[in-house]
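Asks: Would you mind keeping the following structure in view while I ask a few things?
Protein chains in written order, with this note's numbering: chain D, 47 to 335; chain B, 7 to 241.
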């Protein structure tokens with residue numbers, strides 16, 4: 047029998063990773079809301095950030111938490127370049143063109159990672175990883191706590207930006223009526239580019255936070271993208287708050303899967319939850335109004 | 007001239023909807039473009055606001071060629087459109103809609119004064135401040151759309167069918183507010199199917215038929231003209 051403490055322990059870890067799933071999903075949600083595009087290479091940018099941390103750690107012994115300061119701006123710039131030279135050109139193209147383009151990017155990124163780092167499983171410790179924290183019978187490591195607080199904090203901050211600032215209003219305006227947004231004097235093309243780059247920069251943060259928690263391998267990107275899509279749909283397609291909450295839900299489902307089922311079958315639990323959700327509540331947890 | 011439309015031919019794809027349209031609006035004037043459904047009125051506004059580029063011809067705000075710059079720059083110059091069908095942001099509240107209207111370069115610094123002014127002009131909007139725009143009644147939505155346009159501090163206000171879907175009482179109310187604004191110096195270019203109300207309130211008017219200007223003159227003269235009477239006034 048599995049006892050209560052272990053279940054609680056798993057729920058806690060699920061919530062902590064869930065903060066990150068929410069952030070990964072939020073990038074997809076924001077980009078979809080204002081461009082109508084889905085980026086299948088989304089998760090691969092997170093993989094790139096993690097491998098950047100790995101390289102900096104191997105060669106210079108730099109802590110991933112410090113590498114973050116490079117990873118975030120670097121991914122932001124990559125986001126700008128990818129948007130400007132590739133995405134922008136398929137804005138009005140057929141959906142399949144976008145799928146082709148971004149799946150092509152998946153193969154390029156994954157092959158490049160494979161050539162540069164081999165297919166070995168890797169992880170990179172950070173200075174908090176060895177620290178144990180206990181709350182009653184529950185215990186966790188410093189890197190899980192950092193992931194939870196930084197990931198959750200950034201998620202909350204982004205939600206606040208979307209709801210309360212001029213930039214957030216511009217983003218929501220484009221999502222609700224792009225032509226009307228242009229008539230308000232909003233430079234819609236520029237906001238679309240910034241939001242795309244913000245979504246990619248979030249992966250710089252998420253990647254650097256999780257180098258000691260998630261095992262990295264060159265092909266991890268597509269699975270992360272799949273998780274992001276699940277969060278995106280469960281959150282109610284285009285609903286920012288729903289996306290962040292769905293992240294936590296998926297984190298817990300994932301943890302329960304490994305605890306109660308385990309192995310490859312356990313890894314299917316989040317997808318099972320997703321299918322169940324589509325059957326019972328297709329509009330997502332908060333519902334797209 | 008404040009705004010000049012010179013020989014504009016425009017449309018979507020290959021089919022021209024506007025054919026060599028020219029018109030002018032002077033500072034402080036209220037000019038109406040009247041015509042039936044599908045005459046090309048909304049296309050004309052889309053060209054002026056830079057949402058579509060004309061195949062030939064040009065639009066000028068004084069010396070600046072609007073057809074050579076993009077929509078957000080046109081807004082920053084003070085050419086403000088209140089589009090057909092209101093085009094509010096339905097899942098944002100009244101105040102957020104107004105703030106978006108007032109965020110262009112010219113208006114940005116005066117947001118609080120402008121907010122006070124539009125609330126004074128349309129007091130109901132202040133009462134509905136935190137209500138989502140999509141839940142307002144038709145009349146309130148038109149007031150919000152107009153107020154959102156005024157927040158932008160227009161040098162010229164382009165109004166596309168403000169009477170659409172409103173009861174006659176509300177139409178009178180909206181036009182009374184517009185007349186007051188025009189008296190205080192606001193330049194207005196209006197496109198309308200409601201010919202009677204348009205001609206009664208405007209100074210000059212153009213008649214647009216099948217994408218071409220077929221008549222123009224002072225609104226008073228057009229009201230008396232036999233052809234307009236027969237075609238649009240149902241007399």
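Built from N, CA and C at the ideal position, the CB exists for glycine as well. Keep in mind the model is a prediction, meaning the values are calculated, not measured.
Counting Cβ pairs, one atom from each stretch, are 3 or more of them under 8 angstroms apart for the stretch 114–129 of chain D and the stretch 247–262 of chain D?
Replies: As far as the Cβ criterion goes, the stretch 114–129 of chain D touches the stretch 247–262 of chain D, which means the pair count is three or higher.
Asks: Please classify residue 67 of chain D: is it buried, with 16 or more other beta-carbons within 10 angstroms of its beta-carbon, or exposed?
Replies: Residue 67 of chain D comes out buried.
Asks: What's the gap between the Cα of residue 106 of chain D and the Cα of residue 56 of chain B?
Replies: Straight-line Cα distance between these residues: approximately 53 angstroms.
Asks: Hey, which unbroken runs of the alpha helix (DSSP H) at 4 residues or more fall wholly within the stretch 126–165 of chain D?
Replies: For the stretch 126–165 of chain D, whole alpha helix (DSSP H) runs of length 4 or above, ordered along the chain, are 141–163.
Asks: Can you tell me the Cα-Cα spacing of residue 223 of chain B and residue 212 of chain B, whole angstroms?
Replies: About 7 angstroms.
Asks: Report the partner residues of residue 22 of chain B according to the DSSP bridge assignment.
Replies: Its beta-bridge partners are B/17.
Asks: Please list, in chain order, the chain D residues whose beta carbon lies closer than 7 angstroms to that of residue 87 of chain B.
Replies: Chain D residues near residue 87 of chain B: 229.
Asks: I need the boundaries of the alpha helix (DSSP H) containing residue 180 of chain B, first residue and last residue.
Replies: Its alpha helix (DSSP H) spans residues 174–189.
Asks: Spatial neighbours of residue 233 of chain B within its chain, please: C-beta separation below 6 angstroms, excluding the five flanking residues on both sides.
Replies: The answer is none, since no qualifying residue turns up.
Asks: Using a Cβ cut-off of 7 angstroms, pull out every chain D residue sitting near residue 165 of chain B, in sequence order please.
Replies: Correct list: empty, because the minimum Cβ distance to chain D is about 12 angstroms.
Asks: For residue 129 of chain D, collect the residues of the same chain with a Cβ closer than 6 angstroms to its Cβ; drop the 5 residues on either side in sequence, then sort them by chain order.
Replies: For residue 129 of chain D, where only same-chain residues beyond five positions count, the Cβ hits under 6 angstroms are 239 and 242.
Asks: With distances taken between CB atoms, is the gap from residue 274 of chain D to residue 79 of chain D smaller than 8 angstroms?
Replies: Their beta carbons are not under 8 angstroms apart, which means residue 274 of chain D does not touch residue 79 of chain D by this criterion.
Asks: Against residue 59 of chain D, what residues of chain B qualify as contacts under a CB-to-CB distance less than 9 angstroms, listed in chain order?
Replies: The contacting residues do not exist; residue 59 of chain D stays about 35 angstroms from chain B at best.
Asks: Report yes if the C-beta distance between residue 163 of chain B and residue 88 of chain B is below 8 angstroms; otherwise report no.
Replies: Yes; because the gap between Cβ atoms is below 8 angstroms, this pair is in contact.
Asks: Using the beta-carbon of each residue, which ones in chain D are nearer than 9 angstroms to residue 135 of chain B?
Replies: Under the 9 angstroms cutoff, chain D gives no residues; its nearest Cβ is about 15 angstroms from residue 135 of chain B.
Asks: Let's see if you can read the secondary structure: which residues bound the beta strand (DSSP E) around residue 64 of chain B?
Replies: Counting along the chain, the beta strand (DSSP E) containing residue 64 of chain B begins and ends at 62–67.
Asks: Could you tell me how far apart the beta carbons of residue 91 of chain B and residue 158 of chain B are, in whole angstroms, since I believe they sit closer than 8 angstroms?
Replies: Residue 91 of chain B to residue 158 of chain B, Cβ: 18 angstroms. No contact.
Asks: Short of 7 angstroms Cβ to Cβ, which residues in the stretch 202–234 of chain D face chain B?
Replies: Answer in chain order: 212, 215, 218, 219, 222, 223, 225, 226, 228, 229, 230, 231, 232 and 233.
Asks: Once the 5 residues before and after residue 99 of chain D are set aside, which same chain residues still bring their CB inside 6 angstroms of it?
Replies: Closer than 6 angstroms at the Cβ level, and outside the excluded window around residue 99 of chain D, lie 110, 113, 170, 254 and 257.
Asks: Does the stretch 302–310 of chain D come close enough to the stretch 22–41 of chain B to have 3 or more Cβ pairs within less than 8 angstroms?
Replies: Touching, no.
Asks: With 8 angstroms set as the bound, which would you pick, yes or no: does the beta-carbon of residue 90 of chain B sit closer than that to a beta-carbon of chain D?
Replies: Not closer than 8 angstroms to any Cβ of chain D, the Cβ of residue 90 of chain B fails to qualify, so no.
Asks: Looking only at DSSP bridge pairs, what is residue 47 of chain B linked to?
Replies: DSSP output for residue 47 of chain B lists no bridge partner at all.
Asks: Taking the alpha carbon of residue 66 of chain B as the point to measure from, which residue in B/154, B/28 and B/48 has its own alpha carbon closest?
Replies: If we check each option's Cα against that of residue 66 of chain B, B/28 comes out closest.
Asks: Could you run through the stretch 91–123 of chain B and flag, in chain order, every residue whose CB is less than 8 angstroms away from some CB of chain D?
Replies: Here the close residues are 93, 94, 95, 96, 97, 98, 102, 105, 106, 107, 109, 110 and 111.
Asks: Which complete beta strand (DSSP E) runs does the stretch 192–269 of chain D hold, if anything under 3 residues is left out?
Replies: The qualifying runs do not exist here; there are none.
Asks: State the start and end residues of the unbroken alpha helix (DSSP H) segment that holds residue 109 of chain B.
Replies: From DSSP, residue 109 of chain B is part of no alpha helix (DSSP H); its letter is neither H nor E.
Asks: So with Cβ pairs under 8 angstroms, would you call residue 77 of chain B a contact of chain D?
Replies: It does; some Cβ of chain D falls within 8 angstroms.
Asks: State buried or exposed for residue 294 of chain D, treating a residue as buried only when at least 16 other CB atoms are found within 10 Å of its CB.
Replies: Buried, because 16 or more other Cβ atoms sit within 10 Å of the Cβ of residue 294 of chain D.
Asks: For residue 57 of chain B, return the contacting residues in chain D, with the cut-off set at a CB-CB distance below 7 angstroms.
Replies: Going along chain D in sequence order, the residues near residue 57 of chain B (Cβ under 7 angstroms) are 225 and 228.
Asks: Is the stretch 201–208 of chain D touching the stretch 272–292 of chain D, taking contact as three or more C-beta pairs under 8 angstroms?
Replies: As far as the Cβ criterion goes, the stretch 201–208 of chain D touches the stretch 272–292 of chain D, which means the pair count is three or higher.
Asks: To the nearest angstrom, how far is the alpha carbon of residue 127 of chain D from that of residue 121 of chain D?
Replies: One C-alpha to the other measures close to 10 angstroms.
Asks: Mark residue 166 of chain B as exposed unless 16 or more other C-beta atoms lie within 10 angstroms of its C-beta, in which case mark it buried.
Replies: That one is buried.
Asks: Using the C-alpha atoms, what's the distance from residue 301 of chain D back to residue 51 of chain D?
Replies: Spanning the two alpha carbons is a distance of roughly 14 angstroms.
Asks: If you compare alpha carbons, which of D/325, D/147, D/87 and D/209 is closest to residue 102 of chain B?
Replies: Of the listed residues, the one whose Cα sits closest to residue 102 of chain B is D/209.
Asks: Quick one, which of D/159, D/132 and D/158 has its alpha-carbon nearest residue 146 of chain D's?
Replies: Nearest option by C-alpha distance: D/132.
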